[in-house]
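One structure is given here, and the rest of the page talks about it.
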Amino acid sequence: MDSDEYTREQQPPAADPAGQAPPRRPRRVVVLASAAAVVAALAGGASGAALVTSVDRTGDSTVAIGSATARAASTSTDVGTVAEQVLPSVVQVNVRTAQGEAIGSGVVLTEDGRILTNAHVIDGATGDVTITLSDGTRYQAAVLGADATADIAVLQARDASGLAPARLGDSSSVRVGEQVVAVGSPGGLQNTVTSGIVSAVGRTLSEIGRQDEQPSPFGRPVSSDASAGPGYTAIQTDAAINHGNSGGPLVNRAGAVIGINSAIYSPSGSDSGNVGIGFAIPINDAKAIVAAIEARS
Numbered sequence: 524m525d526s527d528e529y530t531r532e533q534q535p536p537a538a539d540p541a542g543q544a545p546p547r548r549p550r551r552v553v554v555l556a557s558a559a560a561v562v563a564a565l566a567g568g569a570s571g572a573a574l575v576t577s578v579d580r581t582g583d584s585t586v587a588i589g590s591a592t593a594r595a596a597s598t599s600t601d602v603g604t605v606a607e608q609v610l611p612s613v614v615q616v617n618v619r620t621a622q623g624e625a626i627g628s629g630v631v632l633t634e635d636g637r638i639l640t641n642a643h644v645i646d647g648a649t650g651d652v653t654i655t656l657s658d659g660t661r662y663q664a665a666v667l668g669a670d671a672t673a674d675i676a677v678l679q680a681r682d683a684s685g686l687a688p689a690r691l692g693d694s695s696s697v698r699v700g701e702q703v704v705a706v707g708s709p710g711g712l713q714n715t716v717t718s719g720i721v722s723a724v725g726r727t728l729s730e731i732g733r734q735d736e737q738p739s740p741f742g743r744p745v746s747s748d749a750s751a752g753p754g755y756t757a758i759q760t761d762a763a764i765n766h767g768n769s770g771g772p773l774v775n776r777a778g779a780v781i782g783i784n785s786a787i788y789s790p791s792g793s794d795s796g797n798v799g800i801g802f803a804i805p806i807n808d809a810k811a812i813v814a815a816i817e818a819r820s
């Protein structure tokens, strides 16, 4: 699909000779694959609609089986190996906000509990954040800082030691077509692994689908001005990314993190979930933001 189709609303064709215009195509919007796997939904009517209150049980990823059986088996083995390497370095992030409790994901940076996640995951946190390791161990964590524009945040787990830092790769070498694996907690389902390929690089997220709607931290399109919402150049992938994957890693077949999962494209609204178009912040960009946050803290 052309990038032009993302950056502007499709205009309806001219009316036919009978004077009847064809039906208007639905607006396409980008919504964040947010931490909105909500554990506790709020009362409050419309104000609570920004929170995702149910888990889509039909969103399991599927694997397309080609004619080369040996190749398919090899790919499956590779994904399993990558998962074993990466899972210990991925955490679930639980955040208490004024709207309830929400869930996202994060990447372990240091043995003493420095965690990388999305800024929208911890947006509105009213107290400590809880992180849960892949083995179920829990820590309370403080927010060291965040960059809302870049959608990057850094957490510090309290009294943590012996964590397994992720291996950070080089996103400048990412190629279209290479196989990738996404890890996180979609719908609160920790240690979920999906796979796919890099569909495109250099996508400018602030321009995708922007007409008069903006990405929302909880996957709900909201009216806003052009300066609002995150703006960064992203890696596009068809690996399944859903609400709760935010802040988790996108890794290559070598097990190195090449991106931080942050957003999904939705053609029909906030709760449609994965449609095979997800976005990740390149890890080189994320590393630079983390360094800036740490320098200020």
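When the letters of the sequence shown are read in order and numbered with the working numbering, they come out as residues 524 to 820.
Cβ coordinates follow ideal geometry from the N, Cα and C atoms, glycine included.
Distance between Gly647 and Thr620 (C-alpha atoms, nearest Å): 5 Å
Sufficient close CB pairs (3 or more, under 8 Å) joining the stretch 619-634 to the stretch 708-719: yes
Pairwise C-alpha distance: Arg661 and Ser694: 30 Å
Nearest-angstrom Cβ-Cβ length linking Val704 and Val721, presumed shorter than 8 Å: Between Val721 and Val704 the Cβ distance is about 11 Å, and since that is not below 8 Å, they are no contact.
For Val798, three-class secondary structure by DSSP: coil
Distance, Asp761 Cα to Pro688 Cα: 26 Å
Neighbour-count burial assignment, Arg637, 16 or more Cβ in a 10 Å radius: buried
Start-to-end residues for the alpha helix (DSSP H) that takes in Asp651: Run containing Asp651: none in the alpha helix (DSSP H); it sits in the beta strand (DSSP E), 648-655.
Cβ pair Ser657, Val630 closer than 8 Å: no
Other residues of its chain near Thr727: CB distance less than 6 Å, five sequence neighbours each side excluded: Thr756
Anticipated Cβ contact below 8 Å, Gly770 with Val644, distance rounded: 5 Å
Beta-carbon contacts of Ala669 that lie in its chain and below 6 Å, excluding the five residues immediately before and after: Ala642, Ala676
Range covered by the alpha helix (DSSP H) that runs through Arg819: 806-819
Residues near Leu691 by beta carbon distance below 6 Å, same chain, minus five either side: Val780, Ile806
Beta-carbon contacts of Arg698 that lie in its chain and below 7 Å, excluding the five residues immediately before and after: Val721
Per DSSP, the bridge partner or partners of Asn784: Ala803
Reduced DSSP secondary structure (H/G/I, E/B, other) of Val644: helix
Boundaries (first-last residue) of the beta strand (DSSP E) holding Ile675: 675-680
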